[in-house]
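K.L.:
UniProt numbering numbers the first residue of the sequence shown as 1 and each following residue consecutively.
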Amino acid sequence: MSIIKDRDTMCIVVFTLYSAMNYLLSKKYSCLRCENKYKYKRELIQHQSSKCGVPPKFYCSECQKSFKQSTNYKLHMMKIHCNFNQY
């Protein structure tokens, strides 16, 4: 029984590693500014036109971390600084 369990565990580990490697290798479009990688060219174009190189608009007053989206800023404040009522 323990042999099958170990074999099953090994299969899961191998499959997970194979899937992760396959996922990373499938990303063939790289941003020259920030080195992010994308599977599809349209994702790279969208990234370059709306995200990459855009300065952050939101700054945490407690730790000086910056955010481009208000949602990420609010999540940061709730998770890191526990300021639930302020935002």
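Quick reminder that beta carbons are idealized off the backbone N, C-alpha and C, glycines included.
First and last residue of the alpha helix (DSSP H) that includes E43?
P.N.:
Where E43 is concerned, the enclosing alpha helix (DSSP H) stretches over K41 to S50.
K.L.:
So what does DSSP say about K28, is it helix, strand or coil?
P.N.:
Note: K28 maps to coil in three-state DSSP.
K.L.:
For M77, count neighbouring C-beta atoms within 10 Å of its own C-beta (all shown protein chains included) and say buried if the count is 16 or more, exposed if not.
P.N.:
Label assigned to M77: buried.
K.L.:
Closer than 6 Å by C-beta to residue 90: which residues in its own chain qualify, once you throw out the five before and the five after it? Chain order, please.
P.N.:
Nothing can be reported for residue 90: it is not among the residues displayed for the chain, which extend from 1 to 87.
K.L.:
Just checking my contact of K39 with K27 at CB under 8 Å: how many whole Å lie between their CB atoms?
P.N.:
Indeed, because the Cβ distance is near 5 Å, the residues count as touching under 8 Å.
K.L.:
Taking Cβ positions, are C41 and K68 nearer each other than 8 Å?
P.N.:
Position check: residue 41 holds Lys in this sequence, whereas Cys was assumed. Not in contact: K41 and K68 (Cβ atoms no closer than 8 Å).
K.L.:
Which residues in the same chain have their Cβ closer than 8 Å to the Cβ of E43, if we skip the five residues on either side of it in sequence?
P.N.:
Once the five neighbours on either side are set aside, the close Cβ partners of E43 are Y29.
K.L.:
With distance defined between alpha-carbon atoms, name the residue in V54, I80, C34 and S49 nearest to C63.
P.N.:
C63 has its Cα closest to that of I80, out of V54, I80, C34 and S49.
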